[in-house]
Amino acid sequence: MRFPRLLRTTSFRLTLLYAGLFGASVLILYSAMYWYGSGYVASQIDRTVDNEITELETNAKGRGLSGLRETVDAYARQAPGDVYYYLSDRNGRRLAGNVPALPRTLGITDWPSRHRGGPFPLARHSVRGHGVLVTDDAYLFVGLDSFELHEMQEMIGRAFLWGALATVLLALVGGTLMSLGLLTRVEAISQASREIMAGDLGRRIPVRGSHDEFDHLAESLNAMLVRIEGLMDELKQVTTDIAHDLRTPLTRLRQRLELVNRRPNSPEELKAALESSAGDVDAILETFAAILRIAQLEAHSSAMGFQPIDLSEALSEIFEIYQSVAEEEHHTLTAQLAPGLSILGDRELLLQLLSNLIENAIRHCPPSSNIRLSAFQSADGVQVLVADDGPGIPQEQREKVFQRFYRMERSRSTPGTGLGLSLVAAIAKLHRARIVLADNNPGLRVELVFPAP
Amino acid sequence: MSQGLSEEGHATSIARDGRDGLFRATGEEWDLLIVDRMLPGIEGLHVVRTLRAGNIHTPVLFLTTMSGVGDRVAGLNAGGDDYLVKPFAFAELVARVNALGRRRFAAPAGTTLRVGDLEMDLLSRTVRRAGEIIPLQPREFRLLAYLMHHAGEVVTRTMLLENVWDFHFEPRTNIVETHISRLRSKLQKSGTTNPIQTVRGAGYLLHAIS
Chain A
2 MRFPRLLRTT SFRLTLLYAG LFGASVLILY SAMYWYGSGY VASQIDRTVD
52 NEITELETNA KGRGLSGLRE TVDAYARQAP GDVYYYLSDR NGRRLAGNVP
102 ALPRTLGITD WPSRHRGGPF PLARHSVRGH GVLVTDDAYL FVGLDSFELH
152 EMQEMIGRAF LWGALATVLL ALVGGTLMSL GLLTRVEAIS QASREIMAGD
202 LGRRIPVRGS HDEFDHLAES LNAMLVRIEG LMDELKQVTT DIAHDLRTPL
252 TRLRQRLELV NRRPNSPEEL KAALESSAGD VDAILETFAA ILRIAQLEAH
302 SSAMGFQPID LSEALSEIFE IYQSVAEEEH HTLTAQLAPG LSILGDRELL
352 LQLLSNLIEN AIRHCPPSSN IRLSAFQSAD GVQVLVADDG PGIPQEQREK
402 VFQRFYRMER SRSTPGTGLG LSLVAAIAKL HRARIVLADN NPGLRVELVF
452 PAP
Chain B
4 MSQGLSEEGH ATSIARDGRD GLFRATGEEW DLLIVDRMLP GIEGLHVVRT
54 LRAGNIHTPV LFLTTMSGVG DRVAGLNAGG DDYLVKPFAF AELVARVNAL
104 GRRRFAAPAG TTLRVGDLEM DLLSRTVRRA GEIIPLQPRE FRLLAYLMHH
154 AGEVVTRTML LENVWDFHFE PRTNIVETHI SRLRSKLQKS GTTNPIQTVR
204 GAGYLLHAIS
């Protein structure tokens, strides 16, 4: 199974492509060498032949055709075997030379070897020569066996064969090794992914430390896995929370219904039981909605749809709304709000956050407490304070109160879901706001700092 | 839901999916459409958008499951007139259906509202009861204006929170009760009767005739 898989990899396909390309470039290179080499050797032959003709003509100068005939005869007799001379008169009759017969072809000609039916009885290769007209319209041909040209061409051909073979082989071997290396790393990533899919959410993709693209990929994937694991934990937390916090009221509701069912009731009693049951269901639904809302807010990582908000205006509205409510509970609500404070955010969520904080103060402070709402621009950003002189929260519990369903001992008897501050924390986080619970000496001071937009 | 609304005296008809609903909302005359956001066939949001694009302005009440702010805004932007999150108390649905159904026939808003011996001038922002000026805080004015707009109808606590306070969540203190009781005492100052009645398990009702 290994080999077909290798064949399907991108890097192997690239290897094949490169091998082909390298082969082609080697072919082009050798063709160019062949072309220019042949041209060079041919021109060397031509020069030798032309020198020979000039020499013959010089030697026979002033002696007419018969003189030339003698000279050619003398040269032909001494010829080393790869030089051919031929002289014929104007009627095509052979006068001298070491070639039996030759047609009158003027200019440079390549005659085939004797195996291919050429006119030269001894020529093992083709014969390249020059035919010219001399005295009395006679025809003189001098040619050279072109074995040098053939040898060179054969040599280039062999060199090409070996060169191309070596190039393609190297490309194939190198490419295979490269793809095997890549495959190993890809395999490591898919192996890790499979293990994660199988349920090992804590598993991470190995990072080699070579800072290459694979390490970057592994790091990005690992970052994604961390986020996914976080979300999964959140989800698990929500599920546990729902199971934990809804079981009690649901059990109570069931017991009440059983009780009503067990004994005969008057219509009034039935109606009362139904109404209190509906109240229980409402409380359950409220808790449920709050959990979902917090989960939804926490899942939102971006500030989508945020707009510039006049925080001073929102705060004074909250102040105006709650002033009479506070009065009703015999508290004093005062406000000191700097004008024109502006932040980026969601107005609806901010109203909910602020009203949650004020309501906490109203509900948890004993009568005739002072609650103070203030807002101002500070060096860190826009700061909002909600301070009271009530019982406060002990230092060690200040982090815990933001946890879902955490309720302090003394507030267990009062109605509430234990989700109010979790919601506040979620909204603050969405606005990138820092929230700190501090001691107001006495009482609680909630400090919210919104970063400058 | 259909049964409950019939008992309240409304004639109802149910479309099984988005396509059917869109078809019938276009072809017939209705006083109010109740559209679930999650419909088989064509999505609820899309149904309403198509209706509005086709110049059909029948009031629409959207129903949705518990969800965030974005959903409600999307629904209203698509041309919905009101929005109700499931699960809801039936009284809440009835109150909203009545409010929306009546909106259609409401007289064009003038600058003066009159309910019984109550008179509200929306321009000078003054309220008189039997001719006598009653000074109100801005929020109390908004509250009374909303009640007078819906005189003779039950308005729920949630409707008040949404429309008078702009609160789209459930506060844990008695905001509405506190303001209603203050408004009441101001309206009753001159020893007259209480015009704002509390309807148990449903909401508040401003009597049309006093």
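Just so you know, the sequences run in chain order A and B.
Residue numbers are given in our numbering: position 82 of the first sequence equals residue 83, and the series is strictly consecutive.
Residue numbers are given in our numbering: position 173 of the second sequence equals residue 176, and the series is strictly consecutive.
In this text, a Cβ means the ideal position worked out from N, Cα and C, and glycines have one as well.
Could you have a look at Ser-267 (chain A) and say whether DSSP puts it in helix, strand or coil? Position 266 of the first sequence, counted from the first residue, corresponds to residue 267 (chain A). Of the three classes helix, strand and coil, the one that applies to Ser-267 (chain A) here is coil, per DSSP.
Which of helix, strand or coil does DSSP assign to Thr-11 (chain A)? Residue numbering aside, residue 11 (chain A) sits at position 10 when the first sequence is read from its first letter. Helix.
Secondary structure of Tyr-407 (chain A), DSSP reduced to three states: Position 406 of the first sequence holds residue 407 (chain A). The answer is coil: DSSP assigns Tyr-407 (chain A) none of H, G, I, E or B.
When B:Gly-30, B:Phe-93, B:Asp-169 and B:Ile-37 are compared against Gly-57 (chain B), the one with the closest alpha-carbon: Position 54 of the second sequence, counted from the first residue, corresponds to residue 57 (chain B). Minimum Cα-Cα distance from Gly-57 (chain B) among the listed residues B:Gly-30, B:Phe-93, B:Asp-169 and B:Ile-37 corresponds to B:Gly-30.
Within this structure, are the beta carbons of Gln-384 (chain A) and Glu-448 (chain A) separated by less than 8 Å? The residue you call residue 384 (chain A) lines up with position 383 of the first sequence. The residue you call residue 448 (chain A) lines up with position 447 of the first sequence. Yes, these two residues count as a Cβ contact at 8 Å.
Give the DSSP bridge partners of Thr-177 (chain A), in chain order. Along the first sequence, read from residue 1 onward, the residue named residue 177 (chain A) stands at position 176. For Thr-177 (chain A), DSSP assigns no beta-bridge partner whatsoever.
Please classify Ser-127 (chain A): does DSSP put it in a helix, a strand, or coil? In the first sequence, the residue the question calls residue 127 (chain A) occupies position 126. If DSSP states are grouped into helix, strand and coil, Ser-127 (chain A) belongs with coil.
When you compare the CB of Gln-353 (chain A) with every CB in chain B, is at least one pair closer than 8 Å? Along the first sequence, one-based indexing puts residue 353 (chain A) at 352. Cβ-Cβ to chain B under 8 Å: yes for Gln-353 (chain A).
Mark Gly-444 (chain A) as exposed unless 16 or more other C-beta atoms lie within 10 angstroms of its C-beta, in which case mark it buried. Along the first sequence, read from residue 1 onward, the residue named residue 444 (chain A) stands at position 443. Buried is the label assigned to Gly-444 (chain A), since at least 16 other Cβ atoms lie within 10 Å of its Cβ.
Backbone CA spacing between Arg-40 (chain B) and Thr-67 (chain B) [nearest angstrom]: Along the second sequence, read from residue 1 onward, the residue named residue 40 (chain B) stands at position 37. Along the second sequence, read from residue 1 onward, the residue named residue 67 (chain B) stands at position 64. The alpha-carbon atoms of Arg-40 (chain B) and Thr-67 (chain B) are separated by roughly 5 Å.
How big is the Cα-Cα spacing for Val-450 (chain A) and Phe-26 (chain B)? To locate residue 450 (chain A), count along the first sequence from 1; it is residue 449. To locate residue 26 (chain B), count along the second sequence from 1; it is residue 23. Just so you know, the alpha carbons of Val-450 (chain A) and Phe-26 (chain B) end up roughly 52 Å apart.
Assigned secondary structure, Met-123 (chain B) (DSSP; H/G/I helix, E/B strand, else coil): The residue given as residue 123 (chain B) occupies position 120 in the second sequence. Note: Met-123 (chain B) maps to strand in three-state DSSP.
List, from N- to C-terminal side, the alpha helix (DSSP H) runs of 4 residues or more that fit wholly inside the stretch 138-201 of chain B. Segments of the alpha helix (DSSP H) lying fully in the stretch 138-201 of chain B: 141-152, 160-163 and 178-190.
Report the neighbours of Ile-178 (chain B) on chain A: residues whose CB is nearer than 7 Å to its CB, in chain order. As a first step, residue 178 (chain B) must be located in the second sequence, where it is residue number 175. Those are Ile-322 and Val-326, listed as they occur along chain A.
Proximal residues, the stretch 90-104 of chain B versus chain A, C-beta separation under 9 Å: Residues of the stretch 90-104 of chain B whose Cβ lies closer than 9 Å to any Cβ of chain A, in chain order: Pro-90 and Ala-92.
Minimum Cβ-Cβ distance from Arg-175 (chain B) to chain A less than 8 Å: Taking the first residue of the second sequence as 1, we reach residue 175 (chain B) at position 172. It does; some Cβ of chain A falls within 8 Å.
Could you name the residues of chain A that Arg-142 (chain B) contacts, counting a contact when the two beta carbons are closer than 8 Å? The residue given as residue 142 (chain B) occupies position 139 in the second sequence. For Arg-142 (chain B), the chain A residues whose C-beta falls within less than 8 Å of its own C-beta are Glu-321 and Ile-322, listed in chain order.
Let me confirm a value: Ser-370 (chain A) is counted as buried when at least 16 other C-beta atoms fall within 10 Å, else exposed. Which label applies? What you label residue 370 (chain A) is simply residue 369 of the first sequence in a count that begins at 1. Note on Ser-370 (chain A): 16 or more other CB atoms within 10 angstroms of its CB, so buried under the neighbour-count rule.
Leu-226 (chain A) vs Arg-195 (chain A) beta-carbon contact at 8 Å: Locating residue 226 (chain A) in the first sequence gives position 225, where the first residue counts as 1. Locating residue 195 (chain A) in the first sequence gives position 194, where the first residue counts as 1. No, they are not a contact pair.
Extent of the continuous alpha helix (DSSP H) to which Glu-318 (chain A) belongs: Translated into the one-based positions of the first sequence, residue 318 (chain A) becomes position 317. 312-329 is the extent of the alpha helix (DSSP H) around Glu-318 (chain A).
Closer than 9 Å at the beta carbon, the chain A residues around Asp-169 (chain B): Numbered from its first residue, the second sequence carries residue 169 (chain B) at position 166. In chain order: Glu-318, Arg-348, Glu-349 and Leu-352.
Determine whether the beta carbon atoms of Ala-380 (chain A) and Leu-298 (chain A) lie at a separation below 8 Å. Counted from its first residue, the first sequence places residue 380 (chain A) at position 379. Counted from its first residue, the first sequence places residue 298 (chain A) at position 297. For Ala-380 (chain A) and Leu-298 (chain A), no; Cβs fall outside 8 Å.
How should Pro-340 (chain A) be labelled, buried or exposed, when 16 other C-beta atoms within 10 angstroms of its C-beta is the threshold for buried? For the purposes of this step, residue 340 (chain A) is taken as residue 339 along the first sequence, with counting starting at 1. The residue is exposed, with fewer than 16 neighbouring Cβ atoms inside 10 Å.
Just verifying my parser: in three-state terms, what is the DSSP assignment at Gly-231 (chain A)? Taking the first residue of the first sequence as position 1, residue 231 (chain A) is located at position 230. Gly-231 (chain A): helix per DSSP, three-state reduction.
Coil, strand or helix - Asn-361 (chain A) by DSSP: Position 360 of the first sequence holds residue 361 (chain A). Asn-361 (chain A): helix per DSSP, three-state reduction.
Can a CB atom of chain A be found closer than 8 Å to the CB of Thr-181 (chain B)? For the purposes of this step, residue 181 (chain B) is identified with residue 178 of the second sequence, where counting begins at 1. Yes, Thr-181 (chain B) counts as interfacial toward chain A.
Does Gly-144 (chain A) come out as helix, strand or coil in the three-state DSSP assignment? If you number the first sequence from 1, residue 144 (chain A) lands on position 143. DSSP places Gly-144 (chain A) in strand when its eight states are reduced to three.
Shorter than 8 Å from the beta carbon of Ser-277 (chain A) to some beta carbon of chain B? Here residue 277 (chain A) is taken as the residue at index 276 of the first sequence, counted from 1. At a cut-off of 8 Å between beta carbons, Ser-277 (chain A) makes no contact with chain B.
How many angstroms separate the CA atom of Leu-150 (chain A) from the CA atom of Glu-188 (chain A)? As a working mapping, residue 150 (chain A) is identified with position 149 in the first sequence. As a working mapping, residue 188 (chain A) is identified with position 187 in the first sequence. Computed Cα separation, rounded: 56 Å.
In whole angstroms, what is the alpha-carbon distance linking Thr-115 (chain B) and Asp-124 (chain B)? On the second sequence, residue 115 (chain B) is found 112 positions in, with the first residue counted as 1. On the second sequence, residue 124 (chain B) is found 121 positions in, with the first residue counted as 1. Asp-124 (chain B) has its alpha-carbon roughly 5 Å from the corresponding atom of Thr-115 (chain B).
Do you know whose CA, among B:Leu-139, B:Leu-64 and B:Phe-91, lies nearest Ser-188 (chain B)'s CA? Sequence index remark: in the second sequence, residue 188 (chain B) carries index 185 (1-based). Checking every option, the nearest Cα to that of Ser-188 (chain B) belongs to B:Leu-139.
Can you grab the Cα-Cα spacing for the pair His-212 (chain A) / Thr-177 (chain A), in whole Å? Locating residue 212 (chain A) in the first sequence gives position 211, counting from the first residue. Locating residue 177 (chain A) in the first sequence gives position 176, counting from the first residue. If you draw a straight line from the Cα of His-212 (chain A) to the Cα of Thr-177 (chain A), it comes to about 23 Å.
Would you mind reading off the limits of the alpha helix (DSSP H) that contains Asp-23 (chain B)? What you label residue 23 (chain B) is simply residue 20 of the second sequence in a count that begins at 1. Segment 21-30, the alpha helix (DSSP H) holding Asp-23 (chain B).
Pick from A:Ile-359, A:Asn-442, A:Leu-162 and A:Phe-403 that is closest to Gly-393 (chain A), judged by C-alpha positions: Here residue 393 (chain A) corresponds to residue number 392 of the first sequence, with the count starting at 1. Closest by alpha carbon: A:Asn-442.
When the cut-off is 8 Å and only beta carbons count, does Glu-287 (chain A) lie next to chain B? As a first step, residue 287 (chain A) is located in the first sequence; it is residue number 286 there, counting from the start. Closer than 8 Å: yes.
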